[in-house]
Every structure is written in structure tokens, then in C-alpha cells.
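J.: Chains A, B and C, in that order, are what the protein sequence lines are.
Residue 50 in the numbering used here sits at position 49 of the first sequence, and the numbers go up by one each step.
Residue 275 in the numbering used here sits at position 288 of the second sequence, and the numbers go up by one each step.
Residue 1307 in the numbering used here sits at position 264 of the third sequence, and the numbers go up by one each step.
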Amino acid sequence: MVGAGDAAIENAIALSAANQVTIINRGAEFNRAKDANEADILKAIDTGKIRCYYNCSISEARLTPQGPRLAELALKTAEGTAVIPVDRVIARLGATPPRAFVESCGVQFPSKDPNSVPAVSGVYESNVPGLYIVGALAGFPLIKQAMNQGYEVIETIEGRKIEPADAPLLRAKFAALPGFKGDVDDALASIKDRMPLLASLTALQLREFLLDSNVRVPKKGEAIFKRNDYSDSFYSLLGGGAQIEIDPDDSTKRIAIKPGEFFGEMSLISGRRRTHTVIADEACVLVESPRRTTLKLINSVAAVRRIIDETFLLRAIETQLAKGVAPADLKMLAGSATVHSYDANQVLFKEGDPGDGLYLIRSGSVMVSHTVGGREVVLAYVPAGQYIGEMALISDTPRTATVKAAVRTEAIRLDGAVFAKVMERYPQLARRVRKIHRSRIASNVEQSVEPERSGVISFLMKQGLGEATDVLLIDESLCVRCDQCEKACASTHGNLSRLDREAGPTYDNLHVPTSCRHCEHPHCMKDCPPDAIRRSPGGEVYISDACIGCGNCQRNCPYGVIQMGVESKKEPSLWRWMMFGGDEPGHGDSHEKGIKKAAKCDMCKNISGGPACVRACPTGAALRVSPEKFLKVSHGRWES
Amino acid sequence: METPAHVGFLRHHRYRYLKIGLILCALSLLLYAIHDPVDGPNGGTWLGYGLGSIGAGLILMLSWLGIRKRRYRGGLGQVKGWLSAHVYLGLALVIVGTLHTGFQFGWNVHTLAYVLMLVVITSGVYGIWAYAALPERITALRRGQTRDAMLAEMAELNRQSIAVAQALSSDIHRAIARSIGRVRIGGGVIAQLFGPAEPARQEFDDLNRTLNVRADTLMAGQRAESEAESTVMFIAGQIVKRAGRDEDEAAHIRQLLDILGRRKELVWRINQDIQLHGRMQIWLYLHVPLTLALLAALLTHVISVFLYW
Amino acid sequence: MKTLIRRMQSQKGTIAFSNIPLETATVNIGRGTEQDVEIADPRIALAHAEITPMPDATFRLDAKTPSGVWVNGTPCSASVLQVNDVLDFGRFRITVMKPEAGSDLTLLVEERADTVEEKPAEIAATRLEETWLSRRRPAWVALIAVLLAMLLIPLAMRYAGSKDPATQMKMAELPLVPTQAAWNSGPLSSAHAYFETDCAACHVQPFKQVRNNACLACHDTVRHHVPDAAMAALPDFSAAECTDCHREHNGPDGTIVRLASLCTDCHENLKARFPDSTMGKVGDFATHHPPFSPTLTQFDKATRTFKSEPVVQEHGVALHEDNGLVFPHDLHLDTKGIDAPDGKRKLECSSCHEPDRGAVGFRAVSMERHCADCHRLEFDPDDPTRVVPHGKPAEVAAVLRDHFAAKALDRQAKPLGLSLPAAPERRRPGPPRTPAEREFMEQWSATQGDAVVREVFEGRLCRYCHVVEPTSDPKLPWSIAPIALQEHALSAAAFTHAPHADTACVDCHAAKTSKLSSDVLLPDIGNCRACHGDVGGKEQVTSTCLDCNSYHVDQGVLWDPGATRRKAVGAQRHPKLITPRGAS
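(1) Is it buried or exposed, His1531 of chain C, if we count other Cβ atoms within 10 angstroms and call 16 or more buried?
(2) Consult DSSP for Asn576 of chain A and reduce its assignment to one of helix, strand or coil.
(3) Looking at chain B, which residues of the stretch 1291 to 1308 of chain C have a Cβ within less than 8 angstroms of any of its Cβ atoms?
(4) Give the straight-line distance between the Cα atoms of Thr1069 of chain C and Ala79 of chain A, rounded to the nearest whole angstrom.
(5) State the DSSP-derived secondary structure class of Glu391 of chain A, mapped to helix, strand or coil.
(6) At least one CB of chain A closer than 9 angstroms to the CB of Asn(-7) of chain B: is that the case?
(7) Identify whether Met604 of chain A lies in helix, strand or coil by the three-state DSSP scheme.
(8) Could you check whether the Cβ of Glu143 of chain B sits closer than 9 angstroms to any Cβ belonging to chain C?
(9) Give every residue of the same chain whose Cβ lies closer than 7 angstroms to the Cβ of Glu410 of chain A, excluding the five residues on either side of it in the sequence, and list them in chain order.
(10) Report yes if the CB atom of Met1212 of chain C is closer than 9 angstroms to the CB atom of Phe1238 of chain C, and no otherwise.
(11) Determine, for Ser17 of chain A, whether the minimum Cβ-Cβ distance to residues of chain B falls below 9 angstroms.
(12) Look at the Cβ atom of His1262 of chain C, then the Cβ atom of Val1253 of chain C, and state whether they are nearer than 9 angstroms.
(13) Quick one: is Met86 of chain B near chain C, going by C-beta distance under 9 angstroms?
(14) Among C:Arg1412, C:Val1189 and C:Ala1203, which residue has its Cα nearest to the Cα of Leu282 of chain B?
(15) Under 9 angstroms between C-beta atoms, does Thr278 of chain B make it to chain A?
(16) Any beta-carbon of chain A closer than 9 angstroms to the one on Lys67 of chain B?
(17) Distance, Cα to Cα, Val1184 of chain C vs Thr1174 of chain C?
(18) Out of C:Thr1138, C:Gly1116, C:Pro1142 and C:Asn1293, which has the shortest C-alpha to C-alpha gap to Lys1045 of chain C?
(19) Checking contacts by CB at 9 angstroms: is Pro69 of chain A closer than that to chain B?
(20) Starting from Met137 of chain B, trace the alpha helix (DSSP H) in both directions and tell me its first and last residue.
(21) Any heavy atom of the ligand NAD closer than 8 angstroms to the beta-carbon of Gly131 of chain A?
(22) Using the Cβ count rule (16 or more neighbours within 10 Å means buried), how would you classify Ser1061 of chain C?
(23) Can you list, in chain order, the residues of the stretch 608 to 624 of chain A whose Cβ is nearer than 8 angstroms to any Cβ on chain B?
(24) Using only the alpha-carbon positions, how far apart do Gly140 of chain A and Lys162 of chain A sit?
(25) Name the chain B residues that come within less than 8 angstroms of Leu575 of chain A, Cβ to Cβ?
(26) Would a check of beta-carbon distances place His264 of chain B closer than 9 angstroms to chain A?
(27) Cβ closer than 7 angstroms: which chain C residues qualify as neighbours of Gly582 of chain A?
(28) Can you find a C-beta in chain A that's less than 9 angstroms from the C-beta of Ala1092 of chain C?
(29) Can you tell me the Cα-Cα spacing of Ile82 of chain B and Ser15 of chain B, whole angstroms?
(30) Do Arg27 of chain A and Cys57 of chain A count as a contact pair if the criterion is CB distance below 9 angstroms?
(31) Should Asp1099 of chain C go down as buried or exposed, given a rule of 16 or more other Cβ atoms within 10 Å for buried?
(32) For the candidate residues C:Thr1108, C:Gly1111, C:Leu1104 and C:Ser1146, whose alpha-carbon lies nearest to that of Asp1128 of chain C?
(33) How about the stretch 1485 to 1495 of chain C and the stretch 1320 to 1330 of chain C: do they share at least three Cβ pairs that are nearer than 8 angstroms?
(34) For Ile258 of chain A, I'd like the list of residues in its chain whose CB is within less than 8 angstroms of its CB, leaving aside the five on either flank, ordered along the chain.
(35) So which of A:Asn510, A:Ile534 and A:Ala338 has the shortest CA-CA distance to Cys602 of chain A?
(36) So that I know if they touch, is there some Cβ in chain C lying closer than 9 angstroms to that of Ser15 of chain B?
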């Protein structure tokens, strides 16, 4: 089955009852499909009913009379190629409207783009009077939409004014808009006017988008979000103003956002914490849209994607590198930018290569390393939102270190020559870049001088702690293997321990048990159909009750920290166990029956006092560290 | 440099509880030295009552560790702090309790409580040593594997050794199978603490020797034959074939010896691991029941002393 | 290095291949999802092995776990890869293929679903928790055993059984039954040991201390410390408890605490509490004890009686007391001996002073027993066996006159300067004497009698030891002054001579130099201090207050007269000892 839309999914699921079905998906997700379909197909893939090849395209289909099946399908996958023997190939590639026929009816299409849909009015009337276009032909694929719209059209034809089904919902949302008088269409038009980003949406796409969003009217001076917050929604500024604080140490250095602009897009792309604080100005009116909705929009409307990408680029350059640079120069810089994708462990540039440009990490992260005496010494770790390779902008010396992608990474490369020209014109920019470069060299030298420290860091990084925000470590010279940490975890979490103390690697008495690292870029989060995995404001990655037990997160986690199980509602009584034996709190088997849901460490965010494992360790062997504290730990300043 | 990231329970809070324990001991000794009651020091003087109350309070608090460490939600402080207090104040109890008795002992429940207290504390001292010395040894021995992984690896080695032995001869195959059956891991209390008896040690050594000898013979044979080869060219084909077979056999034997050697080392490591774990926990089987007996004796002591005041 | 990973996936019989080209420095293999070759077998470590290209264009496989990697059926930690090498990772098998075009190394990865997962052989217990050892069961056993044996059963025996002490004590003798004996904090004194198992005898009420009425139930004749009831009612005395000084359960040596401080706490500074007190301050014996105040008798001439009063024995001051006798010790104790009727006789102290029973003091000196041997009361040289009685003067005089009257009657009268025919008188029996004879005899006996009486009283006999005083009676103009033999000079102290038997009498009593019988020969405190010192001294006999003094001294007032005297009950408790045998 080739295709990832609703039709492909429904066909695949139906056929899999009596056939072996393989579904070929051009992308990495099924986000064009309805939620229910997406959940179903993911479940089928999970249980093995249907096999799925993601990120593939078909290179050839050929008949194989001698082969095991009638034909074989050759694919180009993300990693290489694959060959699948098949009996049938069914393509559900979506439909394009029969443009020629529709045009011959006199209906005008707004552009030559084969994907474009005919322009219709708010009551679905085309430019041909009396000809109404609803449903898929108008760009609304869902049956419910076609039915609702059809009903509305008939009512209109009959002369009765009808309100669209979503009008009351939108009215409620727009109530917060200043100056809103109750006319939804009016408000929509005004929003479209004010937001160039949304200008390319059809009225109905806009309604869909706004249905999922919220209107916010913060007071002047209120922080819309703060730096290092873990929120991930997208904000469109309708009116008033907002300020981005670009210097965390100096809150007076700000960039103003004007109405019609948007912000918060960094978290969309890279899934990391907010890089800057944004403060509301006078009369600030915002539309806050959740991440999924915005992603969906980006994927459906090419113009939106383009605008967001461009803005991201400009902003990244402006905030990271070129503050105070005139917009025209910025545009020139942005024009020289190219986007590159790297798989995990792919090298961006090697030590000794000529310096070609500066790399701004858009999503993912990279490791900077050096070869010292034949060993790879990790010098630094650069996450998304920061840049690397600035040396090329300053001098002509070849690269002094190798930079490798730690996980799947997207980087924007700014051409060195263009940047150098801009730096000539802005001396303070050059100074800033030099200053950062010097501090980087200093810390690199420090790192290479102490390779043992690097050994522990290297070990910790390989355990994925480079992307951890908070991880449990155990000092095995103190650990008496009493398993109290596991019992504490289980006892406070429905008798299902999220910690496996014994499993996990050890390096020089430093043991990393199997437990969630609360990664900066959680692998588990990216594939959760009910969106049950969230990051709490304190930074903990937790799985909410919405979990349906599909197990994607368990598979996606490279550290194996997620397990599926059923939580008990009742906690066994401690005194009864002490006196008479039986179920030990935190140790017994769960007698509950039910669907197994995903469970992993949530840093005991609901329990006062902090992580139960650390509090319960009698000898003090368990400790939770965040990456800043690694250095202390790895300095050999273990004291037991 | 800044303060270290974490410290163990003995150093907790810069030895806070060690300091408190030492002060308590010093104060008790001082007061005992200067206090001179009419009929000699005993538990019924004001100092005796004071030390007795402190001692009883300490015993109750120390016993409470068993509950506190299993209260995973809430609870005062960290368990590490409780354990640190438990260790140091428990040691101070030796002084406080002994001074409370005024060195008056007899065959009664009062001395029983005192003796039980001393035995509990002594077993605790062993526990301190065990907790300080054994964890590192366990880690060094484990080499990063879990116990289940070691056992699975042993099963794997067993399987492989059978597979290789099958390619050799049925005698060797039987011997290997017997040897597998005679491997002893863990066992009862004594076996866990001191290592299980090895019932087939002799047989295993014999098997090893036999295989070594055979391998050597084959190697020698090969060399001898390669010399003879040049002179007896007409049976060269036969010799070459046999050499091939012998080569195989020698290789298999070497492989088998390798596997057996690894298995022996692994079994030894597993049993060492079991021993260390056992020695780290054995004292608790004395410490905990006697604490309960101590609590009963303490209760009886307090009641009887004031019943017949 | 360029590597081609070919994964073989079979799905219900169909085998699909996927080819993944890699260009990496090394190829790592393991369970982690970031590994180049992902092996989803739980037995495999997250980072299990790594293939590194060698400078000579070969590839080396290094194991990252101590258990090694199974290469061609043998576990090894490092191996140089050859084509057709088979690497086993749990149920996954990687075969090294001939390198395909465009790659340096080609690996075929297949998941074998047909290998049976072998369960490890039966393993014996590997943890202490899996053996018979348990913490819970022994804890319960120990807890219940101690509670039963030490608390519950003794409580039941004590309170649920018969309250009769005899029964209680009998039950305590049963073997192996736990009783209150477990609560006994120390052996009882030897006097109380016979009812050691009857705790309620003294510990009358639970959770209350032992109070006076428990002791007084048997010891009801204990005397007080002060002489009158008014003083005894003062809180200093009425609030005093037996247990202040008497402590039991300290062994067989008795209950009394012999600490000087128990006495000196008050007596060191009595005036603070009793300003009218005349007693001296007592801090210790060696330096802070007042001099002795023996009770001495003085003769009151007016009333002609002896009065006893304590007199302070200042150091160096000789004391005298009236006793009405004349007796020089120095004469009698002369080392050369003293004249006796049968020659010289050497006298010792013990010749006259016999210790009384118990050797506390001495029996009274008796004239008949101790003096009469030498001091004979004979008066007639012709009749040396005739003695006067040691009695009243009238009696003595009468005896004397009778003697001479009888003598005269027996015509024994020798003329004493009188002329008288010394004719032999032959008379017929019966005829009375002649008046001349009669007169002569009367005269003779009267004269003789008077003379001898006078001599006895004033001359030879009585005056030796007694003070003879004239009376107004012409017939008997002599009387003997009243005498008072010393009784006990230090009445408040309990001095016993027996422990001092090895000391010579004269070491303490200056008898050898005493000329007068009125000398008080009682040694002063300095004499005692020569040998007796306080507790803590090394050169003297350690003595405490209780060695000489006692608390319950007063003869007038009973200790605690107001308390309920439970003699009856006390007697019932242990009748065998309280009531004498035979009585009801």
C-alpha cells in the first residue's frame, strides 16, 4: 500500500485481516490522516499486523517470474535501499481535483499550482453564480465537512441564512478580542488582514486553525513565556506588541515584535526549551496555537512553511550572531544560508578540513571532539539553537576539531565569505564572535588536558546523558544493592517500578541504572499518538493518563527506560507486611488486570520532597544530576 | 573547587551525627564521673533516670529506621540522614547504656536487655564494615553485567560446550554433560556464604587434562606427519585428508577447553558474587530479630522497674 | 569505512531484504537505537560490539562487554573478521559476506526465530532471602518469648494468682516457671533473703515507691532519732524515709548505707536548722568531731544524792567524778606487786574488771568477789576467821558487840589492863554468875566492843575504802558516805570493748598513774584518733559515724508512731519468724 492518507490507511487496515500488508510512507509520520486513523495504523504497525516503511519512495517495481512473489518493489529508504517481494501494489496517493473539467465549467483557480483549490466565497459559491463547490473539491477532505457544507449550501440557496457549525465555538474564542462585536466573519477577515503568515490560507483553513487555537490578552509586562520554559505553542501577534529579551543577563536588551509577526517557532522546530523570554507590551493580543496544529498547518500550506522558515533563519541569525545588524544585511545573510540534514553520527566537518562556514544548529545536537593520542576526546556538546564553526569567519586556519551529529540534526550553514563582509561593516559583531570563540578555545583546552575527565564524560555522553536534563546515577562504592530505590519508585507509582537498578553500564564505580534521562529532545515524545508524553514546567518528561498503551515510546527510547505495565490502585499496607508478610510495598506483583500502559520515571513531580529514589537510598549512593553537575561528578571528586 | 556532589552516609552533613554522638558520650562520662550517689551508681539515681530515658529514646528512634526507610512518600529528612544518625547514635548507646547500668549486672531481665543491646550493636558494627568494604568488590567482580546476564551467559556456554563436544566423541560429550550437571551455584546459607562444595572437581580436572593431552598429541602428530609427507608422496592424499580431520579435532578441542575455562571462571565469579552479597546481608538476620527481642526486654525492664519502684 | 548492512526480514514466509549503506568511522552493534546495527535482543547490551577498520584493510571486531562476542561458536573479546565469519548476538546472526561493490564490508543480519530460547538449568538459591533464613519469624519468636517469659507470665503469676504470700513463694520455687525473679535487680540482704520471692512484702503498691509502712510492718519497735514527739513531728524527721539510708537489693551485706554524709548533712551545721541546739558540729572524725561528753556523777551535798550530767572532756583537762570510794589505781597496779595476806600479789586490770557477756563493757566491781581476798574484814587477832559483814554500819556494830559479848561469856576475856583474879573457875553447871563477874564481863565486852567498833569504823577497816562520816547518833556515830559506781559514761555512743581486746587496757586508760578513785579514766577523743580515722585515709582504721553512733537512738519516741502499724498483717505474712515457736 503506497500512501499515508486516510484512504491508504483504511484500505491497509481492512486488507490486513486476510493479507500481508506493507505500507510505504513517504514521510516519517501519518499526520495528514484523521486522528482515529492515525491511532489505528500505528497500533497495527505496533502489533505487527502491518509492516511500515517510513521515509521511503519507490524507485522501481518489476515483475519477478522466478521470484517468490509476482513482483518486487525496490524502495529508496532513509538509510539505503530495500527490496520487497509483493503480489499486489495498491497506490492511494490522494486525489487532485479534475482541474480541466472544473475549469471548463468556468470556475477559476487562484494559481497554476496543481494542488490549489478553486476559490470559493464564504458560502461556498464559486465565481460562477449559482455554482457551489463543497467537500474535497474545495479542499476539505473529510466527509463531515462535505455534509455540513452541503447542508449550508442548500440552506443558502433556499434563502435561509445559516451559520457554520463552528461559528459558536469561534465566537466564544473571539470574545477575548478587543473590539469584537460578535461577527465571526468580520473577525476572521481582520485576523487574516493583520497576519501575513495566515494570508495564504483559505477562509476555511483559517477557521480550522483557529478552532484549535486560543486568544490570549496578556497585560503589559507579563511574561508570555520565560527562557528555559518547557512550553511549545506557537504565538501570532495580532495587536499591540511584544518584546523578546535577547540577553539573559541584561533584560533591557530587547527586540520588538510588531503586530503581524509571530514568535515561539523555535520550539516547534527543535522541541527544546524556550531560548528567550518574551514580555507582552501595551494592548497585546495573541493567538496561541498548539504545536501539533501548527505543524499540521505547516505541512499543508507551503507558503506558511516558507514564511516560518525564513523568519526562523533571520531571527536565529539576529539573536545568536548579528544583533544590531540592519535588516537589509540580515536578508543578505539569510540569502546565503543553506539547510543541511545529518543523520546520527554523520560528520559535519572534520578536523583539518578547510573552514567553509558557520553552522547554526536548528534541531538535534552535535558533538565536538578531538583526536588525542589516538583516542577521541569529546570537547563539547552543542545543542539546537547554538552555532558552531565560527572559526571560519575569523581566520583561514583549518578546522581544529571534528563535529559530528549526535542525533538526527538539521543545521543551517552560513557562508563564510558573506558573513565576513557583514562583520567588516559591524565591528561590534566581530568582537562578539571573537570573544565567544576565545572562551570556547579555553574550555576545549581544559578538556583536552584532562583526558580522564573526558573519559567519564565520554562514557556519560555515550549513555545519552548529553541530551539528559536530569539523570539518576548510582555510586557503586556506596550502593549496598538493597533495591530501596526501586521499591520507593514502585511504591509511589502504583507498584510499577520505573527504575531497574541493576541493569545499565558502569564506569569506574559510576553506574547509570536504567531510568529516564528526561532528554532535552525526548525520543519518546516524537511518536506518541495521543500526545500523552508532555514536559512539565519543571522540566520533567512525563506520560499522562491519555496513554493508550501503543508502545511507540518504548520502542523509540534508545535507552530502554520505558516499560509497559499496569499500575495498582491500592498500596499494600506497610505495617501489615512488616508483621505478617505478604505483599511488600513496592515489591509485590501487581494483581491488577487491564491494558498495559507506558510507565517511566517522572522525577516524582507530584511528590513533595523530590525523587523518591534519592530520598530512599540509605547509604547515599543514589543521586540525580543535571549536565551542569557532570563536571563536578567527573572531576573525581566523588567522596563516599 | 566547590564541595563534592554527594557524600555517603558516614560522612553525611560533615559528620554531623558523629559529632552529636561524641558530645553525648563525653557528657555522659563527665556526669557519671562527678555524680556520687549514696549507694553507688545505678539506674535509679537522677543520672540513671536521665541516661535511661535517653537510652530508651535512642533505642526507639534507632528501631524506627526500619519503618522510616520504607515510607517512600513524605517522611522526615532523607533515609541517608536517618542511617547516619542510626550508626553514630547507636555506637554512642554503648556508653550511655553501660553508664546507665552503673555496672550492676545480674541474672535478670535488666541485664538481658543490656546484653541484647550489645549484641545488636555488635552485629551493627559488622554491618558498617560490610557496607563500607563490600560494594566496591562486588562492582569490580561484576564487570558491568547483571546477575541474570551472567547466568544466561553460563547457560550459553553450556550449550556451546555441548555443541562442540558433539562434534568430538560421545565420551567427551557425556563427560561434558555430566560436568554441566555438577556445576553448583549458590545453595543453602552456608553454601552461599562460604561457597558451595564442588562435588565433581576431580572429574572436571581430569577432563581438562585429558583434553589437553589429546590436543597436544594431535599437534605433535600433525607436525610429525608434515615431516613424513615429503617422503611418502603416494599416500600424500590420505595424510592430507587425515591432517585436515586432526586439525579440525584439535581446533574443536581448543575451542572446548576455551569454553570450559571461561565457564569455570564465570562460575567462580558468580559464586563470589553470591558470597559477597550474602556476607553483606547476613548480619541483618541477627540484627533485626534481636532488636525485636530488645524492644520486648526494654519494655519489660521499664515496666518492672516502676511496678516495683 | 563504507559498510553495507543487509537485513533479512521474514514475514510469514516471505523474506524481504533491506540494504543500508553506512559511512562511519566504526560500526557499532548493540541494543541501543543509536547503534549502527540495532539488535533488539534483551540479552544484548546497549553497546555490545564494535567493528574497527585496521590500517591493513582488515576489520577488527571488539567486544564491549566482558562476556565477549560469539564468533563462529566461540566467545572472544576481539577477533579479526574473515569472510563467512558468523557472529551470534542472541537470536540475531550476523554473517560477514564478501564485500559488495562500493563497500568495504558487507554484513548480513538475520533474526532467527527458530532457535529455542533455552531456560537456564535449575539453579539453587542464589540469595539469602531464598533460604530458610528469615527475619520476620525469628523476630516474632524472640519478641513473644521475651514478653511471655519476662513480662506476661510473671505478671499473671503475681496478680492473677493467690495473694497469699506463702502460696506465692511456693509457686516461685517451681522449676522452669518464669516468675518475678526475672525482675529482681540485685540480691537481697541476708536478713531479708528468706522472703526474696515475695516482692509484695516491701513493694506494697504497684508503681509506688517502697515507703515506711512497708518496713514498719515488721520493724515496729524502731526508735526515733529525737527525744520528743514534738520534735519528731517536724518535717526534718516526719518526712524522713527509711529508704533514705536503707537501700536494698545491694547484696547480702545489709541495707544500711554507711556514708558519713548521711549524718554530716545535718550535723555539720545543726544551728542552721535548730538554732537552739547545743550539739557540736560534726564534719568528720579525724578533725571535725567535738570532744566526748561523758555523763559524770556529781554528789549533791544538799540533797545527798548523785546527779549525772554530761561534761565536755576538753583536751588536757582531767575530769573527776564523785563516787564515794577511796581507791588508788596506781597502788594496786604497782608492777612490783601489792602486799597481800599471803605475800606480794601482782594485780592486773582484769583482776577486778571482768568483761560482761558480749564483751561490750565490764561487770561491776564487787567487793566480795574482787576486793575481799585481800581486804579481809577480820577484827579479832584471836579469832582471825571472824569477819564483819560488808554491810550497813548498824549491822557491823551489832556483830562486833555480839562477838565480844560472846567471848566474855565464854570466859575468854583476857584482862586488858584490868586486874582480875585469874582463878580457875570450877562451877557447877547452872549457877549464875556472880554479879561481880557479870559486871566485869559486861564492862569488858562493852569496853572491848566500843574499842573495836571504833577501830573498825575509824581505824582499820571501813576507812580503807569508804568515806566515814560522823552522825548525830551517839550510839552509832558513824555512817558511810553513799557510793555510786560508774555505769556508762558515753551513753550515746556504742563502744564495744571486744574489738579492742588486743590493745592493753593501759593504752587507753591512764590507770597506772591514777591516785584518786575520783579520777575519770575515760580516754578522750585524741586517744581514739590515734587509731581511728576517716574513710579515705591510709594510716588509720577507717571509721564512719555508724561505727560508734546510731540513728535510732532515742529511747523515748518510736519511729513513725502515727503510721498505720500493720504488725498484725506483718505477722501473718511470715508467721514462722515473727511469732515465737509455740505461741499462737
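We put the CB at the ideal spot given by N, CA and C, even for glycine.
T.: Taking the definition as stated:
(1) Here residue 1531 of chain C refers to the residue found at position 488 when the third sequence is read from its first residue. Result: exposed.
(2) Here residue 576 of chain A is taken as the residue at index 575 of the first sequence, counted from 1. Sequence check: residue 576 of chain A is Trp here, not Asn. Trp576 of chain A: helix per DSSP, three-state reduction.
(3) Asn1293, Val1300, Leu1302, Ser1304 and Leu1305
(4) Translated into the one-based positions of the third sequence, residue 1069 of chain C becomes position 26. Translated into the one-based positions of the first sequence, residue 79 of chain A becomes position 78. Cα to Cα, the separation comes out at about 20 angstroms.
(5) Mapped onto the first sequence, residue 391 of chain A falls at position 390. Reduced to three states, the DSSP call for Glu391 of chain A is coil.
(6) As a position in the second sequence, residue -7 of chain B is number 6, starting the count at 1. Per the sequence presented here, residue -7 of chain B reads as His, with Asn not at that position. Cβ-Cβ to chain A under 9 angstroms: yes for His(-7) of chain B.
(7) Reading the first sequence from its first residue, position 603 is the one you call residue 604 of chain A. Note: Met604 of chain A maps to coil in three-state DSSP.
(8) As a working mapping, residue 143 of chain B is identified with position 156 in the second sequence. At least one chain C Cβ lies under 9 angstroms of Glu143 of chain B.
(9) One-based indexing of the first sequence puts residue 410 of chain A at position 409. According to the sequence as given, residue 410 of chain A is Thr; it is not Glu. Cβ within range, chain order: Tyr343, Ile362, Ser364, Gly365, Ser366 and Val367.
(10) Here residue 1212 of chain C corresponds to residue number 169 of the third sequence, with the count starting at 1. Here residue 1238 of chain C corresponds to residue number 195 of the third sequence, with the count starting at 1. For Met1212 of chain C and Phe1238 of chain C, yes; Cβs fall inside 9 angstroms.
(11) Walking along the first sequence from the start, residue 17 of chain A turns up at place 16. Output row for Ser17 of chain A: interface = no.
(12) For this step, residue 1262 of chain C is matched to residue 219 along the third sequence. For this step, residue 1253 of chain C is matched to residue 210 along the third sequence. Against a cut-off of 9 angstroms, the Cβ pair of Val1253 of chain C and His1262 of chain C comes out as no contact.
(13) The residue given as residue 86 of chain B occupies position 99 in the second sequence. One point to set straight first is that residue 86 of chain B is Leu, not Met, in the sequence displayed. Leu86 of chain B does not count as touching chain C.
(14) Locating residue 282 of chain B in the second sequence gives position 295, where the first residue counts as 1. When each option's Cα is compared against that of Leu282 of chain B, the closest is C:Val1189.
(15) As a working mapping, residue 278 of chain B is identified with position 291 in the second sequence. Cβ-Cβ to chain A under 9 angstroms: no for Thr278 of chain B.
(16) Taking the first residue of the second sequence as position 1, residue 67 of chain B is located at position 80. Closer than 9 angstroms: yes.
(17) On the third sequence, position 141 is the one that residue 1184 of chain C refers to. On the third sequence, position 131 is the one that residue 1174 of chain C refers to. Spanning the two alpha carbons is a distance of roughly 18 angstroms.
(18) Here the question's residue 1045 of chain C lines up with position 2 in the third sequence. Measuring from the Cα of Lys1045 of chain C, the nearest candidate turns out to be C:Pro1142.
(19) If you number the first sequence from 1, residue 69 of chain A lands on position 68. Chain B, which has no Cβ nearer than 9 angstroms to the Cβ of Pro69 of chain A, makes this no.
(20) Here residue 137 of chain B is taken as the residue at index 150 of the second sequence, counted from 1. Arg134 to Leu155 is the extent of the alpha helix (DSSP H) around Met137 of chain B.
(21) This structure lacks the ligand NAD, and indeed carries no ligand of any kind.
(22) Numbered from its first residue, the third sequence carries residue 1061 of chain C at position 18. Ser1061 of chain C is buried by the Cβ-count criterion.
(23) Ile608, Ser609, Gly610, Ala613, Val615, Arg616, Ala617, Cys618, Pro619, Thr620, Gly621, Ala622 and Leu624
(24) Locating residue 140 of chain A in the first sequence gives position 139, counting from the first residue. Locating residue 162 of chain A in the first sequence gives position 161, counting from the first residue. Rounded to whole angstroms, Gly140 of chain A to Lys162 of chain A spans 23 angstroms at the Cα level.
(25) For the purposes of this step, residue 575 of chain A is taken as the residue at position 574 of the first sequence. In chain order: Ile54, Arg57 and Arg58.
(26) By one-based count along the second sequence, residue 264 of chain B stands at place 277. At least one chain A Cβ lies under 9 angstroms of His264 of chain B.
(27) Taking the first sequence and counting its residues from 1, the one referred to as residue 582 of chain A is at position 581. Neighbours of Gly582 of chain A on chain C, chain order: Arg1179.
(28) The residue given as residue 1092 of chain C occupies position 49 in the third sequence. Cβ-Cβ to chain A under 9 angstroms: no for Ala1092 of chain C.
(29) As a first step, residue 82 of chain B is located in the second sequence; it is residue number 95 there, counting from the start. As a first step, residue 15 of chain B is located in the second sequence; it is residue number 28 there, counting from the start. Rounded to whole angstroms, Ile82 of chain B to Ser15 of chain B spans 8 angstroms at the Cα level.
(30) Your numbering for residue 57 of chain A matches position 56 in the first sequence. Your numbering for residue 27 of chain A matches position 26 in the first sequence. Yes, they are a contact pair.
(31) Taking the third sequence and counting its residues from 1, the one referred to as residue 1099 of chain C is at position 56. By the neighbour-count rule (16 or more Cβ atoms within 10 Å), Asp1099 of chain C is not buried but exposed.
(32) Taking the first residue of the third sequence as 1, we reach residue 1128 of chain C at position 85. Closest option to Asp1128 of chain C, Cα to Cα, is C:Leu1104.
(33) no
(34) Numbered from its first residue, the first sequence carries residue 258 of chain A at position 257. Here the set comprises Leu238, Gly242, Ala243, Gln244, Ile245, Phe264 and Val279.
(35) Counted from its first residue, the first sequence places residue 602 of chain A at position 601. Answer by Cα proximity: A:Ile534.
(36) As a first step, residue 15 of chain B must be located in the second sequence, where it is residue number 28. Chain C, which has no Cβ nearer than 9 angstroms to the Cβ of Ser15 of chain B, makes this no.
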